[in-house]
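Residue numbers (our numbering): 2 to 294.
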Amino acid sequence: MNTRQMEIFVSIIRYGNFSNAAKKLYLSQPAVSANIDLLEKELESKLLIRQGRKATLTEKGKIFYDYCISVLGMTEKTVQLIKDSDEISGTLHIASSFVPGLYLLPKFMNEFKEVNPNLKFELNIKNSKTAYDGILSNKYDMGFVGSLSKNDCILQRKIFVDHMVLIAPNVPPYNEFPPEISLDDIKDLPFLMRTIGSSTLSIAEKELAKKGLDIASLNTVASFDSGEAVIQGVLKNLGVAIISSICVEDNPNILKFQIKDVAMKRDFYAIIPNNEYLSPKVTSFYEFLPDLS
């Protein structure tokens with residue numbers, strides 16, 4: 002068993018199957034399969050289940066996967082220490098919800114790469130729940146989400162504060178609305194919603210409920226698992242939506258409204274596993290980010 006085999010094993014899970022892992026690692030698929038066969042023979046255990054094109058972990062595979070993450074992280078730290086080098090390299094695997102992934106992370110990534118040119122980023126846009134699950138399962142190195150976790154297995158740092166607004170297309174009758182509208186005014190509007198698992202949905206649901214309005218009672222005409230799809234729906238005059246203001250701050254074709262007496266402040270967090278064996282690239286980028294906690 003060696004760290005290259007561990008890297009291959011981890012890549013199969015991160016990229017979903019043998020074929021994708023082979024492409025990412027510049028190996029042939031038979032070479033990837035041969036390394037997994039060697040691992041399973043050495044450990045005398047089945048580690049992966051092939052389900053069509055997808056590979057999933059067995060129970061023993063889950064144990065070995067977490068072990069591989071720790072060993073690979075410790076190996077990176079050891080190499081950096083022995084070389085007495087601050088150089089950060091490799092690939093940082095990130096899962097981010099829609100807002101930080103599209104509107105915050107590119108700036109942070111660019112600034113970090115200016116001093117760490119050998120680091121690569123792989124960004125996957127997911128909803129907040131999927132990002133949390135990916136951190137807990139070690140599928141991703143780091144996550145960016147719009148909600149706070151109470152799980153002790155996760156470290157989190159507040160990196161940005163925003164507020165949510167009601168948005169509508171810049172067409173009649175919306176362009177005749179005042180800047181602040183009441184709860185009664187929105188009850189009959191056609192709404193575009195995010196799907197379950199979205200922090201945008203959960204925050205809107207929570208804040209409206211405080212004022213006695215059940216979000217399920219609104220006139221929902223469509224639900225989307227992407228914030229960008231919601232914005233495009235608004236632009237096409239399909240309906241209105243509640244979304245983070247940073248998403249539409251420079252768009253003249255979209256109107257923004259405050260909902261009277263409803264405060265929808267929204268915090269965004271960077272999250273990493275609470276693990277002493279994190280690789281230098283994870284801890285360095287995490288510490289580089291703003292800390293508004």
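Here a beta-carbon is modelled for each residue, glycine too, at the ideal position from N, C-alpha and C. Quick caveat: nothing in here was measured; it's all calculated off a predicted structure.
According to DSSP, residues forming a beta bridge with residue i
{"i": "residue 270", "result": "146, 159"}
{"i": "residue 52", "result": "55"}
{"i": "residue 92", "result": "121"}
{"i": "residue 259", "result": "181"}
{"i": "residue 170", "result": "255"}
{"i": "residue 223", "result": "193"}
{"i": "residue 165", "result": "245"}
{"i": "residue 9", "result": "Paired residue(s): none; residue 9 is not in a bridge."}
{"i": "residue 126", "result": "97"}
Anticipated Cβ contact below 8 Å, residue i with residue j, distance rounded
{"i": "residue 201", "j": "residue 245", "result": "7 Å"}
{"i": "residue 96", "j": "residue 135", "result": "5 Å"}
{"i": "residue 82", "j": "residue 120", "result": "Actually they do not touch by this definition, with Cβ atoms about 18 Å apart."}
{"i": "residue 193", "j": "residue 241", "result": "7 Å"}
{"i": "residue 9", "j": "residue 140", "result": "Residue 9 to residue 140, Cβ: 16 Å. No contact."}
{"i": "residue 132", "j": "residue 146", "result": "5 Å"}
{"i": "residue 59", "j": "residue 47", "result": "5 Å"}
{"i": "residue 187", "j": "residue 167", "result": "7 Å"}
{"i": "residue 272", "j": "residue 143", "result": "7 Å"}
{"i": "residue 204", "j": "residue 235", "result": "Actually they do not touch by this definition, with Cβ atoms about 18 Å apart."}
{"i": "residue 290", "j": "residue 160", "result": "5 Å"}
{"i": "residue 150", "j": "residue 128", "result": "The pair is not a contact, with the Cβ atoms about 14 Å apart (cut-off 8 Å)."}
Range covered by the beta strand (DSSP E) that runs through residue i
{"i": "residue 195", "result": "191–195"}
{"i": "residue 241", "result": "Per DSSP, residue 241 belongs to no beta strand (DSSP E) and is neither H nor E."}
Range covered by the alpha helix (DSSP H) that runs through residue i
{"i": "residue 205", "result": "200–211"}
{"i": "residue 102", "result": "99–104"}
{"i": "residue 20", "result": "19–26"}
{"i": "residue 69", "result": "60–84"}
{"i": "residue 136", "result": "129–137"}
{"i": "residue 140", "result": "Residue 140 -> no alpha helix (DSSP H), and no H or E assigned at all."}
{"i": "residue 291", "result": "Premise fails: residue 291 is in no alpha helix (DSSP H) and is neither H nor E."}
Where residue i sits in the DSSP three-state scheme
{"i": "residue 108", "result": "helix"}
{"i": "residue 183", "result": "coil"}
{"i": "residue 36", "result": "helix"}
{"i": "residue 249", "result": "helix"}
{"i": "residue 2", "result": "coil"}
{"i": "residue 296", "result": "Residue 296 lies beyond the residue range present for the chain, which begins at 2 and ends at 294; the question has no answer from this structure."}
{"i": "residue 230", "result": "helix"}
{"i": "residue 151", "result": "coil"}
{"i": "residue 42", "result": "helix"}
{"i": "residue 115", "result": "helix"}
{"i": "residue 176", "result": "helix"}
{"i": "residue 282", "result": "helix"}
7 Å Cβ cutoff, residue i in contact with chain C
{"i": "residue 148", "result": "No chain C is present in this structure, which holds just one protein chain."}
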